[in-house]
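Student: Here it is, the structure, as structure tokens.
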């Protein structure tokens with residue numbers, strides 16, 4: 346029973362984390378406040394995720410982010426609430442301005458781990474090594490002649506892993522290949538196409554199902570059918586910086602994930618309504634965040650706002 350609880354805890358952490366991250370391929374570690382989506386430097390943020398249950402909306406997870414004086418992440422804490430309570434803390438250690446190690450401490454101790462980072466003479470990250478009971482692995486990073494990340498090879502100690510290849514056009518990221526290799530030798534390839542530095546579309550090689558990403562008004566993911574190359578070409582042919590509102594292949598688009606944001610004066614969201622249809626059933630969540638910019642400046646609140654719930658349901662014609 347204890348082992349099952351630990352596995353469920355790990356699943357919950359991965360499940361919640363995947364819902365709020367657009368990127369689905371290996372990349373360099375996110376460190377700066379900008380890479381976490383904040384418009385201004387912050388000291389810390391507290392985010393509470395609420396999901397409906399028989400008694401109304403109750404908190405299911407709380408996330409804490411703490412940044413240092415150089416505006417890099419120093420600690421991240423994920424606290425799962427409810428029947429299977431757990432907490433996972435990520436401590437970032439820097440040396441000479443570079444990330445030196447990441448120490449993960451989980452309440453399910455078997456999932457605790459430590460990652461050490463290795464750099465070349467150009468201060469480029471070339472390798473990371475993770476040690477843990479269930480998470481021993483390595484990442485190896487390669488770069489092209491322009492100093493751009495070109496490849497990441499992730500390998501589990503016991504076999505299997507991922508290979509992520511970055512392709513550029515006119516010095517801009519064009520697309521990324523993620524090849525997953527199982528221990529039995531089988532593999533699958535996912536493609537991620539970019540537009541203006543952000544993911545535009547993704548698909549599994551050989552599939553006619555394409556996921557389109559849009560971040561203009563909160564995150565939006567739609568599933569469409571078609572050739573990803575033609576779809577990407579269609580988007581890229583428009584005026585730079587503008588995304589079209591109507592395309593033929595969007596006629597039968599299925600929304601699989603969407604967020605509606607309320608932002609503060611600094612441009613950072615503090616209230617969010619989130620709808621997820623990725624796992625076969627509709628799940629909605631309300632997310633509230635408090636941001637501390639300086640010791641005397643903060644914005645938002647983590648308390649559930651019934652008024653915001655009513656506003657969103659009225660706006661979206663929800664029951």
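In my numbering, the protein residues as written are 346 to 664. Backbone N, C-alpha and C fix where the C-beta goes; we use that ideal spot for every residue, glycine too.
Report back the beta-carbon spacing between residue 495 and residue 487 to the nearest angstrom; my notes put them in contact at under 8 Å.
Tutor: Yes, they are in contact, since the Cβ atoms of residue 495 and residue 487 sit about 5 Å apart, within 8 Å.
Student: Secondary structure at residue 598, three-state DSSP: helix, strand or coil?
Tutor: DSSP places residue 598 in coil when its eight states are reduced to three.
Student: In three-state DSSP terms, what is residue 655?
Tutor: Helix, per DSSP.
Student: Identify the residues that DSSP records as bridge partners of residue 512: which are they?
Tutor: Answer is 520, bridged to residue 512.
Student: If I follow the unbroken beta strand (DSSP E) through residue 378, where does it start and stop?
Tutor: Unbroken run through residue 378: none, as it is neither H nor E.
Student: Assign residue 454 to buried or exposed, taking buried as 16 or more other Cβ atoms, counted over all protein chains shown, within 10 Å of its Cβ.
Tutor: Exposed.
Student: What does DSSP give as the partner residue(s) for residue 546 in the beta ladder?
Tutor: In the DSSP output, where bridge partners are listed per residue, residue 546 has 538, 557.
Student: Three-state secondary structure (DSSP) at residue 488?
Tutor: In this structure, residue 488 counts as strand in the three-state DSSP scheme.
Student: Taking a contact to mean a Cβ-Cβ separation below 8 Å, would you say residue 598 touches residue 569 in this structure?
Tutor: Against a cut-off of 8 Å, the Cβ pair of residue 569 and residue 598 comes out as a contact.
Student: Sorted by chain position, which residues of the same chain lie with C-beta nearer than 7 Å to residue 419's C-beta, five sequence neighbours on each side aside?
Tutor: For residue 419, where only same-chain residues beyond five positions count, the Cβ hits under 7 Å are 411, 412, 413, 437.
Student: Please give the ranges of any beta strand (DSSP E) in the segment 436 to 477, keeping only runs that are unbroken, at least 3 residues long and fully inside the region.
Tutor: Counting only runs of 3 or more, we get 443 to 451, 458 to 464, 470 to 477.
Student: Do residue 377 and residue 417 count as a contact pair if the criterion is CB distance below 8 Å?
Tutor: Result yes, Cβ atoms of residue 417 and residue 377 sit closer than 8 Å.
Student: Is the segment 390 to 406 touching the segment 536 to 554, taking contact as three or more C-beta pairs under 8 Å?
Tutor: No, they do not touch.
Student: Residue range of the beta strand (DSSP E) that residue 497 falls in?
Tutor: Taken as a continuous stretch (DSSP letters only), the beta strand (DSSP E) holding residue 497 covers 494 to 501.
Student: Between the Cα of residue 555 and those of 565, 539, 576, spot the shortest distance and give me the residue it belongs to.
Tutor: Answer by Cα proximity: 576.
Student: Run the CB neighbour count on residue 543, radius 10 Å, all protein chains shown included, and call it buried at 16 or more, exposed below.
Tutor: Exposed: under 16 other Cβ atoms inside 10 Å.
Student: Should residue 557 go down as buried or exposed, given a rule of 16 or more other Cβ atoms within 10 Å for buried?
Tutor: With 16 or more other Cβ atoms within 10 Å, it is buried.
Student: Given residue 635, which residues of its chain have a CB within under 6 Å of its CB, disregarding the five upstream and five downstream residues?
Tutor: Contacts found: 391, 645, 646, 647.
Student: Put residue 505 into one of helix, strand or coil per three-state DSSP.
Tutor: Of the three classes helix, strand and coil, the one that applies to residue 505 here is coil, per DSSP.
Student: Pick helix, strand or coil for residue 575, following the three-state DSSP scheme.
Tutor: It is helical.
Student: Just checking residue 371 against the ligand ATP - is the residue's beta carbon closer than 7 Å to any of the ligand's heavy atoms?
Tutor: With respect to the ligand ATP, the structure shown offers nothing to examine, as it has no ligands at all.
Student: Looking only at DSSP bridge pairs, what is residue 410 linked to?
Tutor: In DSSP, residue 410 forms a bridge with 390, 421.
Student: When we look at the beta-carbon of residue 366 and count the other beta-carbons within 10 Å, is it buried (16 or more) or exposed?
Tutor: Caution is warranted here: a pLDDT of 38 is assigned to residue 366, below 50, making its placement in the model unreliable, and the coordinate value is therefore given only provisionally. It is exposed - the Cβ of residue 366 has fewer than 16 other Cβ atoms within 10 Å.
Student: Beta-carbon separation of residue 393 and residue 633 under 8 Å?
Tutor: Cβ atoms of residue 393 and residue 633: closer than 8 Å.
Student: Could you tell me how far apart the beta carbons of residue 448 and residue 459 are, in whole angstroms, since I believe they sit closer than 8 Å?
Tutor: That belief holds up - the Cβ atoms of residue 448 and residue 459 are roughly 5 Å apart, short of 8 Å.
Student: Taking a contact to mean a Cβ-Cβ separation below 8 Å, would you say residue 435 touches residue 421 in this structure?
Tutor: Going by C-beta atoms, residue 435 is nearer than 8 Å to residue 421.
Student: Could you tell me the boundaries of the beta strand (DSSP E) in which residue 747 lies?
Tutor: Lying before the first or after the last residue shown, residue 747 is absent from the chain, which here runs from 346 to 664.
Student: Roughly how many whole angstroms lie between the Cα atoms of residue 415 and residue 373?
Tutor: Distance between the alpha carbons of residue 415 and residue 373: 18 Å.
Student: Which class does residue 581 belong to by DSSP, given the choice of helix, strand or coil?
Tutor: Of the three classes helix, strand and coil, the one that applies to residue 581 here is helix, per DSSP.
Student: For a test of the three-state rule: what should DSSP assign to residue 660, helix, strand or coil?
Tutor: Helix.
Student: Can residue 371 and residue 404 be called in contact, C-beta distance under 8 Å?
Tutor: Not a contact, by the Cβ cut-off of 8 Å.
Student: Report buried or exposed for residue 619, applying the criterion of at least 16 other Cβ atoms within 10 angstroms of its Cβ.
Tutor: Its Cβ being crowded by 16 or more others within 10 Å, residue 619 is buried.
Student: Taking 6 Å as the limit between beta carbons, can you name the residues of its chain near residue 461, skipping five residues before and five after?
Tutor: Here the set comprises 446, 474.
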